[in-house]
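What follows is one structure encoded as structure tokens, with my remarks underneath.
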Amino acid sequence: MGQISFKSVGKTYAGGVTAVSDVTLDVAEGEFIVLVGPSGCGKSTLLRMVAGLEEITDGEIDIAGRVVNRLDPADRDIAMVFQNYALYPHMTVKENMAYGLKNRRTPKAEIEARVAEAARMLELQPYLDRKPRALSGGQRQRVAMGRAIVRQPAAFLFDEPLSNLDAKLRVSMRMEIRKLQRRIGTTSLYVTHDQLEAMTLADRLVVLNGGKVEQIGKPLEVYHRPASTFVASFIGSPAMNLLDARVEGGQVWLGGAAMGPAGRAEGPVTLGIRAEDLRPAPASQGVALKVEHVEELGSGRVVHGHVDGQTLAVSMAPGLSIGDVLHVAAAPEALHLFDTTTGRRIETRTRTAELVQ
Amino acid sequence: MMQRIKPFDHLILILGALFLCMPVVMAFASSTHTAIDIHSNGLYVMPGSNGAETYTKVLTKRGGFTGEVTGLTMLMNSMILGVGFAVGKIVLSMMAAYALVYFRFRFATPIFWVIFTTLLLPLEVRIMPSYQVMSELKLLNTYQGLIVPLLASATGTFFFRQFFKSVPDELLEAARIDGAGPVKFFIDILVPLSRTMMAAIFIIMFIYGWNQYLWPMLMTTDESFFTLMRGIKTILQVWVGSQIPDYNEAFALAVLAMVPPLVVVLVFQRMFIKGLTESDK
Numbered sequence: 004m005g006q007i008s009f010k011s012v013g014k015t016y017a018g019g020v021t022a023v024s025d026v027t028l029d030v031a032e033g034e035f036i037v038l039v040g041p042s043g044c045g046k047s048t049l050l051r052m053v054a055g056l057e058e059i060t061d062g063e064i065d066i067a068g069r070v071v072n073r074l075d076p077a078d079r080d081i082a083m084v085f086q087n088y089a090l091y092p093h094m095t096v097k098e099n100m101a102y103g104l105k106n107r108r109t110p111k112a113e114i115e116a117r118v119a120e121a122a123r124m125l126e127l128q129p130y131l132d133r134k135p136r137a138l139s140g141g142q143r144q145r146v147a148m149g150r151a152i153v154r155q156p157a158a159f160l161f162d163e164p165l166s167n168l169d170a171k172l173r174v175s176m177r178m179e180i181r182k183l184q185r186r187i188g189t190t191s192l193y194v195t196h197d198q199l200e201a202m203t204l205a206d207r208l209v210v211l212n213g214g215k216v217e218q219i220g221k222p223l224e225v226y227h228r229p230a231s232t233f234v235a236s237f238i239g240s241p242a243m244n245l246l247d248a249r250v251e252g253g254q255v256w257l258g259g260a261a262m263g264p265a266g267r268a269e270g271p272v273t274l275g276i277r278a279e280d281l282r283p284a285p286a287s288q289g290v291a292l293k294v295e296h297v298e299e300l301g302s303g304r305v306v307h308g309h310v311d312g313q314t315l316a317v318s319m320a321p322g323l324s325i326g327d328v329l330h331v332a333a334a335p336e337a338l339h340l341f342d343t344t345t346g347r348r349i350e351t352r353t354r355t356a357e358l359v360q
Numbered sequence: 062m063m064q065r066i067k068p069f070d071h072l073i074l075i076l077g078a079l080f081l082c083m084p085v086v087m088a089f090a091s092s093t094h095t096a097i098d099i100h101s102n103g104l105y106v107m108p109g110s111n112g113a114e115t116y117t118k119v120l121t122k123r124g125g126f127t128g129e130v131t132g133l134t135m136l137m138n139s140m141i142l143g144v145g146f147a148v149g150k151i152v153l154s155m156m157a158a159y160a161l162v163y164f165r166f167r168f169a170t171p172i173f174w175v176i177f178t179t180l181l182l183p184l185e186v187r188i189m190p191s192y193q194v195m196s197e198l199k200l201l202n203t204y205q206g207l208i209v210p211l212l213a214s215a216t217g218t219f220f221f222r223q224f225f226k227s228v229p230d231e232l233l234e235a236a237r238i239d240g241a242g243p244v245k246f247f248i249d250i251l252v253p254l255s256r257t258m259m260a261a262i263f264i265i266m267f268i269y270g271w272n273q274y275l276w277p278m279l280m281t282t283d284e285s286f287f288t289l290m291r292g293i294k295t296i297l298q299v300w301v302g303s304q305i306p307d308y309n310e311a312f313a314l315a316v317l318a319m320v321p322p323l324v325v326v327l328v329f330q331r332m333f334i335k336g337l338t339e340s341d342k
């Protein structure tokens, strides 16, 4: 009952600015979809179009089998959690959660039962009679989620719900949201600009850039096979190294070293290598990296340097000694090739084997 | 660290306080003496023994040309005027501001500025046309006639507009998703949120209405609609021949006229401050 489907959905503002264009996506019942992208990529606009807070100018959105383009937000059977919580400041926690149900003329006994159930789930029982201002950020966020849960909607919409919280709380709330969603099994759309949040929460990721979908896929799929240089640089931390390289004679050449086989493509390519895929190698097999700066992270270190005039970051285990010049190499399957002009991925071989997770 | 006491600063503060309080103290003290005492000895600083008598007389004595109007009636009339103004203005300007902020209609901004510029026009500018309108509507000598023409308030509309603009949009969106329509949103969310604004405006508008003098004088010829402000005036008007005006009664009325605004300020100020310190939107 909770499927959402987007059929070439687009949004053009009255001024002619296009915020979202041609988004097609089918969200299965119970799926947790994360819309991720840099600010201004249209992810929030897309979510607000689902909620009915922005008009849909192109295409159709269909929630639980109904086209909702013309429906009021209240009739779309969705609940939304806002970045700044948007709790009603003059109502107690209980009244906040009950307000939507009261407006729907739900019987009193049922409201009580649902609020109690949500409060139990979110561990909010001690706070039911408090006003939002007497709560901490994390508790307010939980109330906002409670308000969504009691409605028992076809879908939850989350609009960057964690970005007002401090880093530690964000991590624990992230897990709570995920556990809760698994337990209730309600279809969820979640907007964030934080790629880590996106990776950890999503069943499937939708990476947006400039109002267009760059890639849709499972987090690891997106991580291991980014569809474009944009996705490659956006997902993963540190960001994937993207370097200008050449393909000649079936080999990728970077700074005078052959990095690995490259299939059919010939000529200039953009070579993408994740920092953690690079390993120190004997001088004869690797490419020379002029070390400039080492970031100590405790669990490891990130070495920044130059290869052939281009910056490159390498993740290394702690304890290895680092000289002025480091020779690094990567496994052939860790090389990603992208078209230099379009930025799209160039498939060099079938990769089914390496996707075993 | 202990704050060092600065005698000179205190002296200035004490003088300032005395300067502001003395007239009130003297008005009250003098009102408790007899008119003859005041006439022969001037104003008093210490209370006398005639207080109870003066105040009973002022509140209950039937006076005026018709011999019907008492101080109590006048107090009542002033109260109706003050509360009527304040409540009416709040209701009207809240609704106007709600329309201006939350509904997109053509010329909303120009309309707002037109309303806003009327701030520049005091009542006195339009007092003749207003009088004529009321006269033709046969509303002279009625409470409606006294109150309604002064209800449209640019100040109130402006304050509420600014306040509504500061309410986060997400609250409206959350309410829409929660199934609250425009009326419900206004009553369930905006009105409770505006409590402190309403208190502030109530203070201003109540005193504005309470102090009205020219408008009630024009609008009402029937003495049963007299307000306190006019009552004070009529007492002092009797200075003919060797008659001594009832200074004490005039002072008593003035003191009585000060009490309700004082109470309003005290009550609403507490709410106002509480709202300021507690609210977070």
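The listed protein sequences derive, respectively, from chains W and G. Taking our numbering, the leading residue of the first sequence gets 4, the next gets one more, and so forth. Taking our numbering, the leading residue of the second sequence gets 62, the next gets one more, and so forth. C-beta atoms are modelled at their ideal positions from N, C-alpha and C, and glycine is treated no differently. In this text the structure is predicted, and so the values were computed from the model without any measurement.
_Residue nearest to Val225 (chain W) in terms of C-alpha spacing, selected from W:Arg186, W:Gly213 and W:Met243_ = Of W:Arg186, W:Gly213 and W:Met243, the residue nearest in Cα terms is W:Met243.
*Nearest-angstrom Cα separation, counted from Arg186 (chain W) out to Lys342 (chain G)*: The predicted model places Lys342 (chain G) with a pLDDT of 45, which falls under 50 and marks its position as unreliable; any figure quoted below should be read in that light. One C-alpha to the other measures close to 32 angstroms.
*the segment 86-97 of chain W / the segment 138-157 of chain W touching (three or more Cβ pairs under 8 angstroms)*: A contact exists between the segment 86-97 of chain W and the segment 138-157 of chain W.
*Please name the residue, chosen from W:Ser42, W:His339, W:Pro41 and W:Ser8, that lies closest to Val26 (chain W) on a Cα-to-Cα basis.*
W:Ser8
*Is there a Cβ from chain G that is less than 8 angstroms from the Cβ of Leu56 (chain W)?*
yes
*Give the secondary structure of Ser191 (chain W) by DSSP, where H, G and I count as helix, E and B as strand, and everything else as coil.*
strand
_His85 (chain W) at chain G interface by Cβ criterion, 8 angstroms_ = The displayed chain sequence assigns Phe, not His, to residue 85 (chain W). Cβ-Cβ to chain G under 8 angstroms: yes for Phe85 (chain W).
*Just mark Gln144 (chain W) as buried or exposed, buried being the case when its beta carbon has 16 or more other beta carbons within 10 Å.*
buried
_Does Gln128 (chain W) come out as helix, strand or coil in the three-state DSSP assignment?_
Residue state, collapsed to three classes: helix.
*asked:* For a minimum of 4 consecutive residues, which ranges assigned as the alpha helix (DSSP H) are wholly contained in the segment 184-271 of chain W?
replied: 198-204, 222-227 and 232-237
_Top-ranked residue by Cα proximity to Glu336 (chain W), from W:Thr344, W:Arg228 and W:Val210_ = W:Arg228
*Starting from the beta carbon of His93 (chain W), find every residue of chain G whose beta carbon is closer than 7 angstroms, and list them in chain order.*
Pro253 and Leu254
*Tell me, to the nearest whole angstrom, how far the beta carbon of Arg347 (chain W) is from that of His339 (chain W); I am working on the premise that it is less than 8 angstroms.*
Rounded, the Cβ-Cβ distance is 11 angstroms, inconsistent with contact.
*Between the C-alpha atoms of Leu292 (chain W) and Met202 (chain W), what's the straight-line distance to the nearest angstrom?*
30 angstroms
_With a threshold of 6 angstroms on Cβ separation, who are the neighbours of Ile370 (chain G) within its own chain once the five nearest residues in sequence on each side are excluded?_
There is no way to answer for residue 370 (chain G), as the model of chain G reaches only from 62 to 342.
*In three-state DSSP terms, what is Leu79 (chain G)?*
helix
_Given a cut-off of 8 angstroms on the beta-carbon distance, is the pair Lys10 (chain W) and Ala22 (chain W) in contact?_
no
*asked:* If contact is defined by three or more beta carbon pairs under 8 angstroms, each pair taking one atom from either stretch, is the segment 31-38 of chain W in contact with the segment 191-202 of chain W?
replied: yes
_Min CB distance Lys245 (chain G) to chain W below 8 angstroms_ = Lys245 (chain G) counts as touching chain W.
*For Arg69 (chain W), does the three-state DSSP call read helix, strand or coil?*
It is a strand residue.
*Answer yes or no: do Leu142 (chain G) and Ile66 (chain G) have a C-beta to C-beta separation smaller than 8 angstroms?*
no
*For Val328 (chain W), which three-state DSSP category applies?*
If DSSP states are grouped into helix, strand and coil, Val328 (chain W) belongs with the strands.
*With burial defined as no fewer than 16 other Cβ atoms inside 10 Å of the residue's Cβ, what is the status of Lys46 (chain W): buried or exposed?*
buried
*asked:* Within 10 Å of its beta-carbon, does Pro171 (chain G) have 16 or more other beta-carbons around it, so buried, or fewer, so exposed?
replied: Under this definition Pro171 (chain G) is an exposed residue.
*For the beta strand (DSSP E) holding Val20 (chain W), just list the boundary residues, first then last.*
Per DSSP, Val20 (chain W) belongs to no beta strand (DSSP E) and is neither H nor E.
*Give the C-beta separation of Thr288 (chain G) and Ser139 (chain G) to the nearest angstrom, bearing in mind that I take them to be a contact with Cβ-Cβ under 8 angstroms.*
Going by Cβ atoms, the distance from Thr288 (chain G) to Ser139 (chain G) rounds to 4 angstroms, so yes, they are a contact pair.
*Which same chain residues, not among the five before or five after Val162 (chain G), have their C-beta less than 7 angstroms away from its C-beta?*
Arg222, Phe225 and Lys226
*What's the C-alpha gap between Phe69 (chain G) and Lys118 (chain G)?*
Cα-Cα distance, rounded: 45 angstroms.
*Can you list, in chain order, the residues of the segment 212-243 of chain G whose Cβ is nearer than 7 angstroms to any Cβ on chain W?*
Pro229, Glu231, Leu232, Glu234, Ala235, Arg237, Ile238, Asp239, Gly240 and Ala241
_At the level of alpha carbons, what is the spacing between Ala265 (chain W) and Glu251 (chain W)?_
Answer to the nearest angstrom: the Cα atoms are 9 angstroms apart.
*Rounded to a whole number of angstroms, what is the C-alpha to C-alpha distance between Gly275 (chain W) and Val209 (chain W)?*
21 angstroms
_Three-state class that DSSP yields for Met189 (chain G) in the structure shown_ = Reduced to three states, the DSSP call for Met189 (chain G) is helix.
*asked:* Tell me the rounded alpha-carbon separation between Ile305 (chain G) and Ile248 (chain G).
replied: 56 angstroms
*Using only alpha-carbon positions, find the residue among G:Trp271, G:Leu254, G:Leu211 and G:Trp276 that is nearest to Leu153 (chain G).*
G:Leu211
*What whole-angstrom Cβ distance do Val331 (chain W) and Gly289 (chain W) have, given they're in contact under 8 angstroms?*
5 angstroms
*Just list the alpha helix (DSSP H) runs in the segment 215-243 of chain G, keeping only unbroken ones of 4 residues or longer that don't cross its boundaries, in chain order.*
215-227 and 230-238
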